[in-house]
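Data block below; observations after.
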Ligand code: GUN
């Protein structure tokens, strides 16, 4: 059997197109969703992500503002910027790119964001809402994973055994919450899990998100399982190459022989993250104005 390849790039492009159409309807009524992205320091990967977020928000018709601050920014200055963005009626979504350079504390900075503008879904109020089934904003990468899962499995995930590998606040924990909400039987594995391969072999839905290249082997996968690979890892360059290959946490060439469906890396989960950020920004803008989200074109 060869797995169906889940095309995250196409799914993300379709979602961005739907969002752009909805933004155009709102703009016609004088509401333009606004996204502010804050980047502190000069981490090269973060610079690339922030540029993409800025560009794709603009392409969707939103107001898109990036604030780039030096790595030496004092906590007070960063918090003052967040307070200004909280108070700015043209900004509906605020994202502070992580990781932050030391000694800035992620939780202090995230706690300062107005939960209504927390398009990353990382504020304790958003985390609490996710846990109790409230109306808060949901972290983007897990949201994107759920959309891909529903696309490939036909919507209803009830009763399936899901294994999330990784317990980060950004991915593993919210992913587990979303799967529970979708009536899956969920296990969260992590660095202290005993016999990870055995846990994987029981999973109908497998979501590795640990950043360990090619860790999940083909013989760890239950035949027919759906594999959503969240890892993005760069291998060392081969001789004569400038850059190493990008790979996931799953040994794709092996897994594709066993799984029912699988996301590639790149081109799987990655593109969904920014599309879901735009989706959250649109949701936040509509809620701020007390308007319904315009119906999406089919
Ligand atoms: N760094 C890597 N992924 C993310 C993300 O989804 N949100 C933020 N804020 N920082 C990140």
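Residue numbers (this note's numbering): 792 to 1089.
All C-beta atoms in this analysis are idealised placements derived from N, C-alpha and C, irrespective of residue type, glycine included.
**Asked** Could you give the distance in angstroms between the alpha-carbon of residue 1065 and the alpha-carbon of residue 1037?
**Response** Just so you know, the alpha carbons of residue 1065 and residue 1037 end up roughly 19 Å apart.
**Message:** Spatial neighbours of residue 796 within its chain, please: C-beta separation below 7 Å, excluding the five flanking residues on both sides.
**Reply:** 1053 and 1055
**Asked** Ordered along the chain, which non-local residues of its own chain (more than five positions away) have a Cβ less than 8 Å from that of residue 1016?
**Response** Only 994, 995, 996, 997, 1049, 1050 and 1051 meet the Cβ criterion.
**Asked** Looking at C-alpha atoms only, which residue of 814, 1059, 1083 and 793 is the closest neighbour of residue 933?
**Response** The option with the nearest alpha carbon to residue 933 is 1059.
**Asked** When we look at the beta-carbon of residue 886 and count the other beta-carbons within 10 Å, is it buried (16 or more) or exposed?
**Response** buried
**Prompt:** Are there 16 or more other CB atoms within 10 angstroms of the CB of residue 1099, so buried, or fewer, so exposed?
**Reply:** Residue 1099 falls outside the range modelled here, since the chain spans only 792 to 1089, and no answer is possible.
**Asked** Roughly how many angstroms lie between the CA atoms of residue 1045 and residue 944, to the nearest whole one?
**Response** 22 Å
**Request:** Please list, in chain order, all residues with a C-beta atom less than 6 Å from at least one heavy atom of ligand 1.
**Result:** 886, 887, 888, 889, 911, 931, 932, 961 and 1064
**Asked** Three or more beta-carbon pairs under 8 Å between the stretch 896–913 and the stretch 849–858, yes or no?
**Response** no
**Prompt:** According to the neighbour-count rule (16 or more other Cβ atoms, all chains shown, within 10 Å of its Cβ), is residue 1061 buried or exposed?
**Reply:** buried
**Asked** Closest to residue 1090 by CA distance: which of 1083, 1069 and 1082 is it?
**Response** The question about residue 1090 has no answer, for the chain in this structure spans 792 to 1089.
**Request:** Taking all protein chains shown into account, decide if residue 904 is buried (16 or more other Cβ within 10 angstroms of its Cβ) or exposed.
**Result:** The residue is buried, with at least 16 neighbouring Cβ atoms inside 10 Å.
**Residue closest to residue 1006, alpha-carbon to alpha-carbon, out of 1039, 801 and 928** = Here the closest residue by C-alpha is 1039.
**Prompt:** Does the separation of the CB atoms of residue 829 and residue 881 fall below 9 Å?
**Reply:** Taking a C-beta distance under 9 Å as the contact criterion, residue 829 and residue 881 do not qualify as a contact pair.
**Item:** Rounded straight-line distance, which links the Cα of residue 1004 to that of residue 814
**Value:** One Cα belongs to residue 814, the other to residue 1004, and the distance between them is close to 38 Å.
**Item:** Integer-rounded CB distance, given that residue 1019 should sit under 8 Å from residue 940
**Value:** 6 Å
**Request:** Under the assumption that residue 826 contacts residue 1072 (Cβ atoms under 8 Å), give the Cβ distance between them as a whole number of angstroms.
**Result:** 5 Å
**Prompt:** How is residue 960 classed by DSSP in three states: helix, strand or coil?
**Reply:** coil
**Request:** Tell me whether the beta-carbon of residue 963 lies closer than 9 Å to the beta-carbon of residue 1000.
**Result:** yes
**Prompt:** Measuring CA to CA, which of 1002, 974 and 1010 is closest to residue 991?
**Reply:** 1010
**Asked** Since residue 978 is in the beta strand (DSSP E), which residue starts that stretch and which ends it?
**Response** 976–980
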